[in-house]
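Protein chains: 4
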Amino acid sequence: MDEIIVDFIEKPELEDAILIEGLPGVGNVGKLAVEHLIEEIDAEKYADIYSIYFPPQVLVDEDGLSKLVNNKLYYKKDVGEDNTDLILLTGDYQGMTPQGQYQLTDKILSIAKDMNVENLFSLGGYSQGEMIEIPEVLGAATTEKKVEEMKKLGVKFSEEDPSSGIVGASGLLLGLGDKLYDIPGVCLMGETSGYFVDPGAARVVLKTLANHIDLEIGYERLDEKAEEVEELTSKVKDMDMGGLQQEGGSQDLNYIG
Amino acid sequence: MDEIIVDFIEKPELEDAILIEGLPGVGNVGKLAVEHLIEEIDAEKYADIYSIYFPPQVLVDEDGLSKLVNNKLYYKKDVGEDNTDLILLTGDYQGMTPQGQYQLTDKILSIAKDMNVENLFSLGGYSQGEMIEIPEVLGAATTEKKVEEMKKLGVKFSEEDPSSGIVGASGLLLGLGDKLYDIPGVCLMGETSGYFVDPGAARVVLKTLANHIDLEIGYERLDEKAEEVEELTSKVKDMDMGGLQQEGGSQDLNYIG
Amino acid sequence: MDEIIVDFIEKPELEDAILIEGLPGVGNVGKLAVEHLIEEIDAEKYADIYSIYFPPQVLVDEDGLSKLVNNKLYYKKDVGEDNTDLILLTGDYQGMTPQGQYQLTDKILSIAKDMNVENLFSLGGYSQGEMIEIPEVLGAATTEKKVEEMKKLGVKFSEEDPSSGIVGASGLLLGLGDKLYDIPGVCLMGETSGYFVDPGAARVVLKTLANHIDLEIGYERLDEKAEEVEELTSKVKDMDMGGLQQEGGSQDLNYIG
Amino acid sequence: MDEIIVDFIEKPELEDAILIEGLPGVGNVGKLAVEHLIEEIDAEKYADIYSIYFPPQVLVDEDGLSKLVNNKLYYKKDVGEDNTDLILLTGDYQGMTPQGQYQLTDKILSIAKDMNVENLFSLGGYSQGEMIEIPEVLGAATTEKKVEEMKKLGVKFSEEDPSSGIVGASGLLLGLGDKLYDIPGVCLMGETSGYFVDPGAARVVLKTLANHIDLEIGYERLDEKAEEVEELTSKVKDMDMGGLQQEGGSQDLNYIG
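Chains as they are written, first to last, in my numbering: chain G, 1 to 257; chain L, 1001 to 1257; chain Y, 2001 to 2257; chain R, 3001 to 3257.
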């Protein structure tokens, strides 16, 4: 079989579109943010991506139905005040090897380029290794212009963070988008402890993005999830447990999805 | 050499066939079940599969003869009351890497499709992490119709299990069969402790499948093996040993073969 | 670059030749045996094999000269009473991945086939995990006829050993030689503790092979090396040290070279 | 995408050129040396090398700008008294797998060959596992003539070191340069503890190379960096800490960059 199989449900025609990525990673921040956005704007799935670079695994839903793990592309036209066309990328896993990460990201960028994507945002979490009261949004971008635009929205560009760069799909979309596809990109990272899934961090990241594209959406479901996690984590804090594993598809706490 | 080499002994012509997989995995349940079935119905080997995705290893039999590790395909026509044509897959190992798992499963599905396979069953164990008195059969399937059919046979479709999905050949046969080959599939998993090879779990899985295809076979040899393991495990329990390694080709207890 | 590069120095014409393999492995038994044989019969190197499957490494000799790690093929015509043509394979490393092992072994077999190799012997050590007073030679073979021939030479074919089969080049040469190249093969394994390089085990393996091809050679250098190791190991025993690392290119004590 | 992408900024025409490699490795010695040389002779970058063999990662600079990790080629014509043309190789990482190391080194050698490189030097550190007062420069070379030339410059060719050979890009440039491209090579290794980045070791390595090509450069910045590290390490010694991790892109202390 081909290393990557893209199964198109439809081929929407978009103009001056923005690609927004949220795959599993630190605190599952990116995935939570993009899944929430997909629901809020009622985006349509238009492609499934299967690959030998994903784990050899099916997921089983509550009805006993199995589904091969994959990544998914959604779109929505004329979103927000600026009538922006959006492509949204989420999925069960990131590629499992460096080679897989490169090939999957390259494939997604080539699809995006074909669909007139002119800008991209990768969303993720930034693990601070300690509980975060009010998470800030850290940023990185491929151009100075993008850095300036994001600073106006309150995004923090720090000399120290991310000290080790950005690893995984969020980083590669910026890197390959810039070098091979001429698509400028921004990575928005919500500060998170890194110990739990973090809907609160997803909220601040999504809010920043929504402001940028002049989009108003509700955050109720993210808030509810955040409260659930809050409850759980305070119980855990009471039990005084140390280095807990986060949920989600990431095997590596330093991975920024 | 090619990554996968299929060495056909013959090319049987089958109609409306069912593929049944039982490769090494948790409790070796699937392999035990399929090997027992092969013996009971006196199925014929028709192909050997060699691959760079298997370990670089020969096995040596009691006469000192070496055999390159492989997977094997058997067939039997007109089995049971419904005169069903069966293809049976078993072997020494599963593919050793995710990429190998995908490519091997894809190759087997393409062979199956060519031989008019219309349905598939993957058999395995489901590790409960504790001793199981009376094992149930858990299921997953690619279509609602299959779920309903299996429920009637007593297969349990649980919201909780398998919580992490199905990993390995059993999962991929469902996933790729569904997405790339249009072959509906069912995975039958016998509950097992996961600590030992488990002929008892193999028996319940095989019984379920036999009921489905209206086939009567003996289970004496599985019962004998189950007793042997029982004896062994009760000795071990007496010695109060913890986390024992299972036998068989699986390196990963969570692997469902 | 190509995955495997064979650099021929010459292309000798051989008849009814025997391939003898001795690559690094348990106790370095195979490599010691083949290197000793090469010296004793004054065999000629005719090809260097470089590969991306070997470590990215040069070795540096006592004069400061670097040499890319490789495998080497030697030959000698009309050896022993029977005037047998021999090809001898040794080298710095075995392939580092299963895929590399398969591809390298396949390449070597295709070269051997082209040079009229009709039989092959892979030499190695068999780790017993305890000090061995008088090492026996264990065997495995691809045909019953070979098993019988070897039994007459005192080779032990045991129901228990090698229980996990033969891993690595020695195993694959038998397996792929048998399945893909129609070259019957024998693996001769000298019993060894597995804790040290073992020239004594190399000696008994080589003696068995020499008897088979009616060849008389000296064993002085192997005996001297064996004495050196003996001295070392008795010192070590005095120091009462446990699980010592063996020397040589093998990273895995269970690897049979 | 291609496994290796070379993005040429310009294609300089050089004559009888020398390739000098300094990628991350033990003590970051090679990278420090080549980066210092690039600054001192004001060399021009002419190519960026991206690859699936590098980590899937962008680095983020102090302005928040992201850059895909890569290797970089610089050049400078008519350097030193002998008017030597130089190509300089440095970068963020070495290839992450043996296969990646081979393919990247082969690609760089093929570029070098096209640009009339006639000799190469790979620079690195040699970890002694203890603090080094006055570091010596150890050498290895592909030809006796090179060994003699280097000895005259005070380079030490030792029977013991490097006992395990030279692993990584520095080793492969010698090995593949010699075997596949007919480019003679020298590896210069500065003795270092292996516990810290070591600008002092970089200095002695660079001085040796500069002497060889009759080039006078300043070493002030390396000296300053060496003092900074000295301060840091003496503080650490006061704190009596053991096995510290070195900085830099190398994951393996035995890796010689």
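For every residue, glycine included, the Cβ atom is placed at its ideal position computed from N, Cα and C.
This one's a predicted model, so the numbers in the text were calculated from it and none came from an experiment.
Closer than 7 Å at the beta carbon, the chain G residues around R/E3062: E159
According to DSSP, residues forming a beta bridge with Y/I2108: For Y/I2108, which the question treats as bridged, DSSP gives no partner whatsoever.
Under 9 Å by beta carbon: chain R residues contacting G/D106: M3001, I3052
Distance between G/D178 and R/V3236 (C-alpha atoms, nearest Å): 41 Å
Straight-line gap, G/E81 to G/D214 (C-alpha atoms, nearest Å): 5 Å
N-terminal and C-terminal residue of the alpha helix (DSSP H) that R/N3211 is part of: 3199-3212
In chain order, each beta strand (DSSP E) run of at least 3 residues that lies wholly inside the segment 1078-1102 of chain L: 1084-1091
Meets three-Cβ-pair contact criterion under 8 Å: the segment 2116-2133 of chain Y and the segment 2010-2028 of chain Y: yes
Assigned secondary structure, L/V1058 (DSSP; H/G/I helix, E/B strand, else coil): strand
Partner residues on chain Y for L/Q1094, Cβ-Cβ distance less than 9 Å: Those within 9 Å of L/Q1094 in chain Y number zero; the least Cβ separation is about 13 Å.
Pick from Y/A2141, Y/A2047, Y/Y2046 that is closest to Y/P2184, judged by C-alpha positions: Y/A2141
Reduced DSSP secondary structure (H/G/I, E/B, other) of G/S66: strand
CB contact below 7 Å: L/I1049 versus chain G: no
Three-way DSSP call (helix, strand, coil) for R/A3047 in this model: strand
Own chain residues within Cβ distance below 8 Å of G/P162, not counting five before or after: Y126, L138, A140, M189, I256
Where the alpha helix (DSSP H) containing G/V186 begins and where it ends: Here G/V186 belongs to no alpha helix (DSSP H); instead the beta strand (DSSP E) covers 185-192.
Simplified DSSP state of L/D1178, which is helix, strand or coil: helix
7 Å Cβ cut-off: residues of chain R touching Y/S2127: The premise fails here: Y/S2127 is roughly 23 Å from chain R at the closest Cβ pair, so nothing lies under 7 Å.
For L/I1166 and G/L65, the rounded distance between their alpha carbons: 11 Å
Min CB distance R/A3259 to chain Y below 7 Å: The structure shown does not extend to residue 3259 of chain R, since chain R spans only 3001 to 3257, so no value can be given for it.
Beta-carbon gap between G/Q94 and G/A47 smaller than 7 Å: no
C-alpha distance - L/D1182 paired with L/A1043, whole-angstrom precision: 26 Å
Neighbour list for G/Q103 in chain L, Cβ cutoff strictly below 7 Å: Chain L residues near G/Q103: none, gap ~11 Å exceeds 7 Å.
From Y/E2136, Y/E2148, Y/S2158, Y/T2233, residue whose alpha carbon lies closest to that of Y/A2202: Y/E2136
Any chain Y beta carbon closer than 7 Å to R/D3252: Because R/D3252 carries a pLDDT of 35, less than 50, the predicted location of this residue cannot be relied on, and no value is offered for it.
Meets three-Cβ-pair contact criterion under 8 Å: the segment 1140-1156 of chain L and the segment 1098-1106 of chain L: no
Assigned exposure category for G/L232 - 16 Cβ within 10 Å defines buried: exposed
Interface residues of chain L facing Y/D2178 [CB-CB closer than 9 Å]: V1058, S1066, K1067, L1068
Bridge-paired residues (DSSP) for L/Y1075: L/E1044, L/I1087
Residue range of the alpha helix (DSSP H) that includes Y/Y2147: It is Val, not Tyr, that sits at residue 2147 of chain Y in the sequence shown. Its alpha helix (DSSP H) spans residues 2144-2152.
Own chain partners of Y/K2045 with C-beta closer than 8 Å, once the 5 adjacent residues on each side are dropped: I2009, K2072, L2073, Y2074
Cβ-Cβ distance between L/K1113 and L/I1004 below 7 Å: no
CB contact below 7 Å: L/L1172 versus chain G: yes
Extent of the continuous beta strand (DSSP E) to which Y/D2161 belongs: Run containing Y/D2161: none; DSSP gives neither H nor E here.
Cβ-based burial, R/G3218 [other Cβ within 10 Å; buried from 16]: exposed
Boundaries of the beta strand (DSSP E) in which G/V26 is found, first to last residue: G/V26 -> no beta strand (DSSP E), and no H or E assigned at all.
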